[in-house]
Amino acid sequence: MDMKRSYYEDIELFGSGTVLFWAIILLAGLLAAPFFATQYHVYLFNLILVHIIVAVGLNILVGSTGQIALGHGGFFAIGAFVTVLLMTKLQLPFFVALLGSAFIAAFFGFLLGLPALRLEGPYLAIATLAFGLAIMHIIGHMELFGGRTGLSAPPLDIGIPQLGFSWVLHSQVSKYYLILAITVGMVLFAINILKTKAGRAFVAIRDSEIAAEVIGINLAVYKTLAFAVSAFYAGIAGGLYAFVLGFFDPFTFNLILSVIFLVMVVVGGLGSVMGAIAGATLITYLMYDLFKNVGEVPVVGDLLVSFSRQWLTVSGIDNFNLIALGLVMIGIIIFEPLGIFGAWIRVKKYWKTWPF
Amino acid sequence: MAFFNVAHLHISFGGLKAVNNISFDVQRNEIFSIIGPNGSGKTTIFNLISGIYRPDEGRIVLEGENMVGKTPDRIARKGIARTFQNIELFANATVMDNLMLGRHIHMRTGIFGGAFMFGSRSRAAREEVAHREKVERIIDFLELQSVRDQFVGGLAYGKRKLVELGRALAMEPKVMLLDEPSAGMNTEEKDDLTIWIKDIRDDFQVTILLIEHDMNMIMGISDRVLAMNQGREIIQGAPGEVQRHPEVIKAYLGEEAIA
Ligand SMILES: Nc1ncnc2c1ncn2[C@@H]1O[C@H](COP(=O)(O)OP(=O)(O)OP(=O)(O)O)[C@@H](O)[C@H]1O
Ligand SMILES: [Mg+2]
Numbered sequence: 001m002d003m004k005r006s007y008y009e010d011i012e013l014f015g016s017g018t019v020l021f022w023a024i025i026l027l028a029g030l031l032a033a034p035f036f037a038t039q040y041h042v043y044l045f046n047l048i049l050v051h052i053i054v055a056v057g058l059n060i061l062v063g064s065t066g067q068i069a070l071g072h073g074g075f076f077a078i079g080a081f082v083t084v085l086l087m088t089k090l091q092l093p094f095f096v097a098l099l100g101s102a103f104i105a106a107f108f109g110f111l112l113g114l115p116a117l118r119l120e121g122p123y124l125a126i127a128t129l130a131f132g133l134a135i136m137h138i139i140g141h142m143e144l145f146g147g148r149t150g151l152s153a154p155p156l157d158i159g160i161p162q163l164g165f166s167w168v169l170h171s172q173v174s175k176y177y178l179i180l181a182i183t184v185g186m187v188l189f190a191i192n193i194l195k196t197k198a199g200r201a202f203v204a205i206r207d208s209e210i211a212a213e214v215i216g217i218n219l220a221v222y223k224t225l226a227f228a229v230s231a232f233y234a235g236i237a238g239g240l241y242a243f244v245l246g247f248f249d250p251f252t253f254n255l256i257l258s259v260i261f262l263v264m265v266v267v268g269g270l271g272s273v274m275g276a277i278a279g280a281t282l283i284t285y286l287m288y289d290l291f292k293n294v295g296e297v298p299v300v301g302d303l304l305v306s307f308s309r310q311w312l313t314v315s316g317i318d319n320f321n322l323i324a325l326g327l328v329m330i331g332i333i334i335f336e337p338l339g340i341f342g343a344w345i346r347v348k349k350y351w352k353t354w355p356f
Numbered sequence: 001m002a003f004f005n006v007a008h009l010h011i012s013f014g015g016l017k018a019v020n021n022i023s024f025d026v027q028r029n030e031i032f033s034i035i036g037p038n039g040s041g042k043t044t045i046f047n048l049i050s051g052i053y054r055p056d057e058g059r060i061v062l063e064g065e066n067m068v069g070k071t072p073d074r075i076a077r078k079g080i081a082r083t084f085q086n087i088e089l090f091a092n093a094t095v096m097d098n099l100m101l102g103r104h105i106h107m108r109t110g111i112f113g114g115a116f117m118f119g120s121r122s123r124a125a126r127e128e129v130a131h132r133e134k135v136e137r138i139i140d141f142l143e144l145q146s147v148r149d150q151f152v153g154g155l156a157y158g159k160r161k162l163v164e165l166g167r168a169l170a171m172e173p174k175v176m177l178l179d180e181p182s183a184g185m186n187t188e189e190k191d192d193l194t195i196w197i198k199d200i201r202d203d204f205q206v207t208i209l210l211i212e213h214d215m216n217m218i219m220g221i222s223d224r225v226l227a228m229n230q231g232r233e234i235i236q237g238a239p240g241e242v243q244r245h246p247e248v249i250k251a252y253l254g255e256e257a258i259a
């Protein structure tokens with residue numbers, strides 16, 4: 001057998017027929033989904049996709065490289081504001097503006113990575129958290145960014161209107177297909193990155209900095225690179241988010257959002273792309289759908305509402321989703337520290353050895 | 001000038017002179033061993049050579065180039081690889097990934113090249129396959145086939161030591177620093193290891209600096225030996241000559257008496 005082929009099979013995207021088969025089924029399902037969904041659910045799908053991009057990028061930093069980060073709401077904001085401003089103030093085409101904003105986010109990621117070279121654990125958490133807050137407040141105080149009132153996104157024209165070629169996406173459904181395509185691309189990029197030189201270097205740094213150094217990995221280069229890459233992902237996601245919302249202000253990108261991003265990655269399973277996707281999907285669904293309408297949860301809904309009205313809040317039931325999120329988080333850490341991905345591996349193992 | 005040269009090396013931790021005026025030359029393709037009782041400063045010499053510590057004084061020169069003041073990753077790129085006394089592997093990665101990480105300094109794919117690894121003809125894929133071939137040769141050489149895809153964290157101690165040796169070998173270094181590679185191995189494993197170390201010198205053309213407590217192994221494979229105690233040199237020379245030195249005998253008997 002040709003050796004080259006057999007080694008390549010190990011790094012191929014769809015290593016086996018089964019994987020390819022399920023990937024096609026999944027894609028077909030995703031393409032068909034809007035036909036069976038309400039307008040609101042398509043909006044929810046868009047949120048999920050955008051959050052998947054953030055989570056997959058953040059996972060490269062937190063899960064693979066082992067650097068804690070609580071400020072990705074900041075990069076997400078940079079993506080949203082800069083994309084819109086590049087389109088409205090500089091008349092740049094959408095894709096140029098989106099990429100431009102992501103590179104600017106990546107540059108800020110690199111800058112945030114510099115102090116991170118000297119910080120670890122809780123100190124790094126605080127530094128990144130401060131960064132996220134600072135971005136929110138700086139944007140909130142600058143006229144250019146619309147101040148506290150925020151910005152509205154222009155029509156989403158994915159053509160090059162400057163050359164007379166326009167293609168405006170009006171509906172959430174048409175935006176869904178654009179965002180889906182970009183999400184699939186970003187996920188594949190992440191899978192590839194983690195399989196090649198840089199991805200392995202990230203994991204090496206997470207597992208043993210000293211061993212990473214003596215095999216020739218420059219810690220400063222790869223740590224700042226991990227920050228930049230994850231910020232790039234958040235930037236792309238932010239640029240898309242602007243058009244999902246249509247209108248946004250600085251406080252859309254608050255501290256809670258940064259925490260939620262981290263929760264997605266932890267819940268999904270640190271270090272796994274599929275885990276990040278699952279975590280983003282689950283948490284977005286819980287936060288923006290299920291917990292928002294607590295009363296509609298089957299069986300226990302009414303009970304939860306009255307309980308939370310009575311005990312958990314002073315201002316209505318809004319607090320409930322944060323409390324529930326905290327409970328999910330604690331539950332995962334106690335029962336399945338490897339997250340959804342860890343549970344999946346266990347299930348797979350179980351079925352492999354079943355019925356023994 | 002010798003291929004690899006260490007001259008008047010000093011380092012203190014607080015008041016403790018961990019390495020006190022150590023000098024030695026190593027010729028190309030030699031196996032040079034360092035022996036001494038616990039705490040005599042052997043590992044510290046390796047930490048100085050690989051750039052983890054910076055000497056208070058002294059020179060470390062490989063092929064005429066001074067290594068002092070360079071960061072560990074620069075020194076690795078200059079061709080010095082090492083293993084650790086307490087094993088430093090990437091525990092949550094597979095044996096294969098650990099060995100592929102040994103190829104890091106020889107790989108060119110950047111983050112964008114990697115992201116666009118679509119199809120077997122992409123640059124990133126071709127590079128992966130090429131380096132994978134080199135790593136497979138090391139897997140065959142060290143007989144690691146059965147654990148190739150296992151996570152390192154779950155392997156037996158002896159196997160982990162071998163993976164670490166393999167990772168150093170994958171770097172295609174000029175000089176390899178081995179810190180007690182046989183620790184925790186049984187006699188059979190030690191015999192295999194002795195042969196492998198010789199092969200690494202003969203077939204892979206690597207110069208070897210070896211720290212060992214196993215006297216049989218030292219006497220069997222070393223070209224020259226440096227014996228030290230409390231940071232200082234006792235004697236250096238041919239293995240037999242070092243073994244007969246009264247102070248070496250005393251240091252080792254003393255250690256055995258305690259143990
Ligand atoms: N970073 C450090 N800080 C303080 N003291 C240190 C440090 N590194 C080494 N030492 C001390 O230097 C001395 C030499 O240590 P070293 O690890 O080099 O000994 P060794 O010869 O390798 O011993 P062993 O055979 O037990 O491995 C010891 O007393 C050790 O405690
Ligand atoms: Mg030691």
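As you go down the protein sequences, you meet chains A and B in turn.
Residue numbers are given in full-length UniProt numbering: position 233 of the first sequence equals residue 233, and the series is strictly consecutive.
Residue numbers are given in full-length UniProt numbering: position 155 of the second sequence equals residue 155, and the series is strictly consecutive.
For every residue, glycine included, the Cβ atom is placed at its ideal position computed from N, Cα and C.
request  = Could you name the residues that DSSP lists as bridge partners for B/Leu210?
outcome  = B/Ser33, B/Leu178
Rounded distance between the beta-carbons of A/Val184 and A/Tyr43, thought under 8 Å = About 19 Å; that fails the 8 Å criterion.
request  = Return the Cβ separation of A/Pro250 and A/Gly140 in integer angstroms, given the expectation that the two are a contact with Cβ distance under 8 Å.
outcome  = So it is a contact: roughly 4 Å between Cβ atoms.
inquiry  = Less than 9 Å between CB atoms is the rule here; does B/Arg77 satisfy it with respect to chain A?
reply    = True, the Cβ-Cβ gap to chain A drops below 9 Å.
inquiry  = Counting C-beta neighbours from all protein chains within 10 Å, is the total for A/Phe356 16 or more, i.e. buried, or is it exposed?
reply    = Low confidence applies here, because A/Phe356 scores a pLDDT of 46, under 50, leaving its location unreliable and the question unanswered by this model.
request  = Tell whether a beta-carbon distance below 9 Å holds between B/Val206 and B/Ala227.
outcome  = Cβ distance not < 9 Å, so B/Val206 and B/Ala227 don't count as in contact.
Cutoff 9 Å: B/Gly110 Cβ touching any chain A Cβ = yes
ask   = Where does B/Val68 sit, in a helix, a strand or coil, going by DSSP?
value = coil
task = Find the residues of chain A that neighbour B/Ala115, judging by a C-beta separation of less than 7 Å, and give them in chain order.
result = Phe189, Asn192, Ile193
inquiry  = According to DSSP, is B/Gly79 part of a helix, a strand, or is it coil?
reply    = When secondary structure is reduced to three states using DSSP, B/Gly79 falls in the coil class, being assigned neither helix nor strand.
ask   = DSSP three-state call for A/Asp207: helix, strand or coil?
value = helix
message = Quick check: the segment 164-172 of chain B against the segment 87-96 of chain B, are at least 3 beta-carbon pairs closer than 8 Å?
response = yes
ask   = Do the segment 259-273 of chain A and the segment 64-72 of chain A touch if we need at least three Cβ pairs shorter than 8 Å?
value = The segment 259-273 of chain A is in contact with the segment 64-72 of chain A.
request  = Would you list the one or two residues that DSSP bridges to B/His10?
outcome  = Bridge partners of B/His10: B/Asn20, B/Glu57.
query = If you compare alpha carbons, which of A/Thr88, A/Gln91, A/Leu98, A/Val19 is closest to A/Phe76?
reply = A/Leu98
message = Which residue wins for smallest C-alpha separation from B/Ile52, given the options A/Val266, A/Ile126, A/Ala211?
response = Per the Cα distances, A/Ala211.
ask   = Helix, strand or coil: how does DSSP classify A/Ile317 here?
value = Note that A/Ile317 scores 49 on pLDDT, short of 50, meaning its location in the model is unreliable; the coordinates nonetheless yield the value given after this. Note: A/Ile317 maps to coil in three-state DSSP.
query = Opposite B/Arg232 in the DSSP bridges: which residues?
reply = B/Asn229
request  = For B/Leu142, decide whether its Cβ has a neighbour in chain A, counting only Cβ atoms nearer than 9 Å.
outcome  = no
inquiry  = Between the alpha carbons of B/Pro72 and A/Ile340, how many angstroms are there, rounded?
reply    = 38 Å
query = Around ligand 1, which residues pass a check of Cβ closer than 6 Å to any of its heavy atoms?
reply = B/Phe13, B/Leu16, B/Ala18, B/Gly36, B/Asn38, B/Gly39, B/Ser40, B/Gly41, B/Lys42, B/Thr43, B/Thr44, B/Gln85
inquiry  = So, does the segment 46-54 of chain A touch the segment 275-286 of chain A, judging by three or more C-beta pairs under 8 Å?
reply    = yes
inquiry  = Is it buried or exposed, A/Leu49, if we count other Cβ atoms within 10 angstroms and call 16 or more buried?
reply    = buried
query = For B/Thr43, does the three-state DSSP call read helix, strand or coil?
reply = Helix, per DSSP.
request  = Flag B/Glu164 as yes when its Cβ comes closer than 8 Å to any non-hydrogen atom of ligand 2, and as no otherwise.
outcome  = no
request  = Please indicate yes or no: does the CB of B/Glu212 lie closer than 8 Å to some heavy atom of ligand 2?
outcome  = At a threshold of 8 Å, B/Glu212 does not count as near ligand 2, since its beta carbon sits no closer than that to any of the ligand's heavy atoms.
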